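From first to last, the protein sequence lines stand for chains A and B.
In terms of the numbering used here, the first sequence opens at residue 12 and continues consecutively.
In terms of the numbering used here, the second sequence opens at residue 31 and continues consecutively.
Ideal Cβ positions, reconstructed from N, Cα and C, are used throughout, including at glycine.
None of the values given here were measured: they were computed from a predicted structure.
Worksheet: the structure to be examined is printed underneath.
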Amino acid sequence: MDAEERIQAASKFLLQSPPGEINDVLNDVRNIISDDESLQAGVLPALREYNLAQFITADVPGHQHQSIVSEAARIPSGSADEDDEQSQDRYWDPRSRTSFRFDHLSLETSDPEHVEPDPESEPFRAALETASLTYLSSHYHDGVVSVFSTPGSASRYIIQIVANKYNPSNYWSGRWRSEYIVDTDAKQLTGKILLNVHYYEQGNVQLSTTHNVSLSLPPAIAASGGASAASKVLALIETEEGKYQSSLNDTYAEMGEKTFKGLRRALPMTRSKLDWDRVLGYKLGAELTNSKGVFGSA
Amino acid sequence: MGDLVDSMLDLMRRLPPTHVEENVASLVAMCPDYADDLLGSVDQPLKVMTDRATGKEYLACDYNRDGDSYRSPWSNEYDPPLEDGTTPSPKLRKLEIQANEAFDTYREMYYEGGVSSVFLWDLDDGGFAGVVLLKKTLNPSAPGEPSGSWDSIHVFEAAERGRQAHYKLTSTIMLQMVDRSTAARGSKDDSAAAGTKSPGAAAAGEKANGGDAKREGEVTLSGSMTRQTEQDFPLQDPSSHIANTGRMIEEMEIKMRNLLQEVYFGKTRDVVFDLRSLDDLEKARRQRELQKELVGFIKR
Numbered sequence: 012m013d014a015e016e017r018i019q020a021a022s023k024f025l026l027q028s029p030p031g032e033i034n035d036v037l038n039d040v041r042n043i044i045s046d047d048e049s050l051q052a053g054v055l056p057a058l059r060e061y062n063l064a065q066f067i068t069a070d071v072p073g074h075q076h077q078s079i080v081s082e083a084a085r086i087p088s089g090s091a092d093e094d095d096e097q098s099q100d101r102y103w104d105p106r107s108r109t110s111f112r113f114d115h116l117s118l119e120t121s122d123p124e125h126v127e128p129d130p131e132s133e134p135f136r137a138a139l140e141t142a143s144l145t146y147l148s149s150h151y152h153d154g155v156v157s158v159f160s161t162p163g164s165a166s167r168y169i170i171q172i173v174a175n176k177y178n179p180s181n182y183w184s185g186r187w188r189s190e191y192i193v194d195t196d197a198k199q200l201t202g203k204i205l206l207n208v209h210y211y212e213q214g215n216v217q218l219s220t221t222h223n224v225s226l227s228l229p230p231a232i233a234a235s236g237g238a239s240a241a242s243k244v245l246a247l248i249e250t251e252e253g254k255y256q257s258s259l260n261d262t263y264a265e266m267g268e269k270t271f272k273g274l275r276r277a278l279p280m281t282r283s284k285l286d287w288d289r290v291l292g293y294k295l296g297a298e299l300t301n302s303k304g305v306f307g308s309a
Numbered sequence: 031m032g033d034l035v036d037s038m039l040d041l042m043r044r045l046p047p048t049h050v051e052e053n054v055a056s057l058v059a060m061c062p063d064y065a066d067d068l069l070g071s072v073d074q075p076l077k078v079m080t081d082r083a084t085g086k087e088y089l090a091c092d093y094n095r096d097g098d099s100y101r102s103p104w105s106n107e108y109d110p111p112l113e114d115g116t117t118p119s120p121k122l123r124k125l126e127i128q129a130n131e132a133f134d135t136y137r138e139m140y141y142e143g144g145v146s147s148v149f150l151w152d153l154d155d156g157g158f159a160g161v162v163l164l165k166k167t168l169n170p171s172a173p174g175e176p177s178g179s180w181d182s183i184h185v186f187e188a189a190e191r192g193r194q195a196h197y198k199l200t201s202t203i204m205l206q207m208v209d210r211s212t213a214a215r216g217s218k219d220d221s222a223a224a225g226t227k228s229p230g231a232a233a234a235g236e237k238a239n240g241g242d243a244k245r246e247g248e249v250t251l252s253g254s255m256t257r258q259t260e261q262d263f264p265l266q267d268p269s270s271h272i273a274n275t276g277r278m279i280e281e282m283e284i285k286m287r288n289l290l291q292e293v294y295f296g297k298t299r300d301v302v303f304d305l306r307s308l309d310d311l312e313k314a315r316r317q318r319e320l321q322k323e324l325v326g327f328i329k330r
């Protein structure tokens with residue numbers, strides 16, 4: 012493998028990091044590649060891709076809350092050069108009307124600027140945000156939600172939720188990500204839920220789930236519908252997420268009872284452990300009665 | 031650099047268990063000098079091979095590998111064939127044959143199917159070592175049912191001490207289950223609520239909710255756990271080794287099966303419910319506040 016291939020392999024590892032463990036993976040990779048300079052520059056695109064996909068949260072400069080740094084939050088710099096574009100990335104927190112630079116390695120924000128919201132989409136976006144914040148505190152112990160409007164559209168909104176729990180001293184971590192695209196013109200709600208859990212005490216056990224849902228919005232829900240329409244959207248999301256969580260419970264029950272038992276029984280049908288002396292004796296007996304006989308064979 | 035191998039092993043404990051083979055291959059390509067160290071320390075899912083001589087299936091892993099060939103425990107031959115492949119001494123081979131037969135019975139009693147293989151090798155200090163392999167795969171019998179696979183790798187060392195033997199055992203169990211029936215279950219709930227029947231709603235992406243909602247998804251639980259133990263057993267004759275390691279491995283599998291059950295279906299599920307609450311937390315908070323107020327009111 013040449014240097015470039017090794018960086019690519021390292022990038023692939025980073026993209027597979029379990030929740031809250033990217034630094035551990037990065038340290039392992041540094042040890043394995045032992046060329047910090049080229050590694051740092053080479054894996055920055057992977058770190059960026061990982062952060063955006065995993066809904067990394069940032070402390071919004073000058074405010075007390077966090078916002079999600081994702082593709083939906085990105086404000087393209089308009090630069091023609093891709094590398095330049097990536098390093099000049101700014102991200103937007105609609106809640107505080109601020110945009111900022113985000114360092115994908117140090118996870119620090121900088122260079123805040125005021126962003127004037129689009130007057131057409133802002134009323135419904137703000138209504139969705141208020142309803143989302145209420146929804147968040149009703150169901151998430153430690154979550155962050157961001158609601159984005161789509162530039163140039165007054166009918167397309169994106170609600171993103173992320174909730175993390177890291178417990179390295181007990182060797183586990185978990186992340187819940189949801190994303191919902193609300194289209195008030197097409198009257199469509201498209202969502203996805205992604206779960207990742209890692210347990211690593213004397214082992215490596217991971218839960219990985221994906222869920223995609225697409226349903227129609229009641230005709231009453233329009234971008235002009237304000238707070239009441241926004242609440243209805245969040246009620247739909249609440250029902251869908253609750254349904255999903257319950258069905259997960261059912262999946263766990265089925266896997267634990269049927270599949271697990273189908274792979275290996277807790278005990279043989281005799282309901283007792285194997286009689287090993289008999290097992291060895293039985294085989295010997297079978298050999299003796301077998302016509303291919305083992306009389307005095309070595 | 032033991033440090034390098036430690037980092038590789040730490041990495042393998044964090045990366046998704048569903049991608050063990052590709053990730054190990056990448057690491058081997060990145061650091062070819064450490065390939066042997068890595069392959070000997072990371073457990074990968076066992077491959078099933080068929081013995082050309084007998085048609086019987088056996089399992090392939092690093093312990094019965096010589097170069098790119100694997101030795102069958104039934105015929106004792108390598109596939110692809112090797113002129114000078116490593117084989118156990120004749121005395122040990124006899125024990126190996128017996129062990130394979132005994133564990134074949136064990137396999138049938140607990141796994142009701144699957145494949146087993148035992149490989150033994152002599153150690154320089156006079157004792158011997160071995161690995162007991164078991165693998166069972168479940169393919170869904172109906173669409174919408176979970177699929178799964180179980181791989182056991184039990185590596186042991188036996189040291190004879192007169193009429194006793196001392197055994198060291200390191201056991202790894204790899205377990206994976208995949209369920210793609212979220213759609214079916216969701217549909218059943220909807221149709222049950224709507225009071226309509228929804229036959230054959232097992233396919234992913236099935237329409238439900240009055241033909242309105244589309245849902246599809248996948249749940250994957252995968253991974254491995256490792257435990258170690260040491261024990262002394264009496265030694266009457268050479269085949270005592272088989273009964274001794276048999277009992278040790280059986281006990282270990284029982285313990286680990288319980289552990290896997292706790293972690294897979296208990297712990298990971300608990301983390302999900304730690305992330306999001308099914309019940310409304312605000313309602314619960316308001317109720318507690320109300321209760322406090324009432325208590326305060328009653329006390330006055």
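With respect to the C-alpha of Arg59(A), the residue from Asp47(A), Asp46(A), Leu25(A) having the closest C-alpha is Leu25(A). Between Asp310(B) and His150(A) a beta carbon distance of about 7 Å is seen, short of the 8 Å cut, so the two are scored as contacting. By the neighbour-count criterion, in which 16 or more other beta carbons inside 10 Å mark a residue as buried, Gly97(B) falls on the exposed side.
Residue state for Glu124(A) is assigned as strand, using DSSP reduced to three classes. Pro47(B) is a Cβ neighbour of Gln217(A), given a cutoff of 8 Å. Measuring C-alpha to C-alpha distances from Asp129(A) to each of Ile44(A), Ser166(A), Leu118(A), Ser157(A) identifies Ser166(A) as the nearest.
In the three-state reduction of the DSSP assignment, Pro47(B) falls in the helix class, which pools H, G and I. Classified as exposed, Asn178(A) has fewer than 16 neighbouring CB atoms from the shown chains inside 10 Å of its CB. Chain-ordered, the chain B residues with CB closer than 9 Å to the CB of Asp35(A) read Asp40, Leu41, Arg44. Measuring C-alpha to C-alpha distances from Leu305(B) to each of Val193(A), Pro105(A), Trp183(A) identifies Trp183(A) as the nearest.
Of the residues Ser99(B), Tyr100(B), Leu168(B), Arg43(B), the one whose Cα lies closest to the Cα of Val72(B) is Arg43(B).
With 16 or more other CB atoms across the displayed protein chains lying within 10 angstroms of its CB, Ile33(A) is buried. The Cβ of Asp194(A) sits no closer than 8 Å to any Cβ of chain B. At a C-beta separation below 9 Å, His152(A) has these neighbours in chain B: Asp304, Leu305, Arg306, Ser307, Leu311.
Contact of Phe295(B) with chain A is assigned, a C-beta pair being separated by under 8 Å. Taking 8 Å as the upper bound for CB-CB distance, Arg275(A) and Tyr141(B) are in contact here, some 5 Å apart. When Lys165(B), Lys77(B), Met60(B) are compared, the shortest CA-CA separation from Val145(B) is found for Lys165(B).
Gln171(A) is classed as buried because its beta carbon has at least 16 other beta carbons within 10 Å across all chains shown. Taking C-beta separations shorter than 7 Å and ignoring five residues to either side along the sequence, the partners of Leu245(A) in its chain run Ala142, Ser143, Tyr146, following chain order. CA-to-CA, the gap between Asn94(B) and Asp181(B) works out to about 16 Å. Here the C-alpha atom of Glu119(A) lies approximately 15 Å from the C-alpha atom of Asp104(A). Secondary structure note for Ser257(A): its alpha helix (DSSP H) is the uninterrupted segment 237-265. For Val162(B), not one C-beta of chain A is nearer than 8 Å to its own C-beta. Between Val301(B) and Val208(A), the beta carbon gap of about 5 Å places them in contact (Cβ cut-off 8 Å).
In the three-state DSSP reduction, Lys269(A) falls in the helix class (H, G or I).
Counting the other Cβ atoms within 10 Å of the Cβ of Ala129(B) gives 16 or more, which makes it buried. Selection Val290(A), Gly163(A), Ala238(A) evaluated against Glu140(A) yields Ala238(A) as nearest (Cα-Cα). Between Phe113(A) and chain B, the shortest Cβ-Cβ separation is not below 8 Å.
Along the stretch 145-156 of chain B, there is no position whose C-beta sits under 9 Å from a C-beta of chain A.
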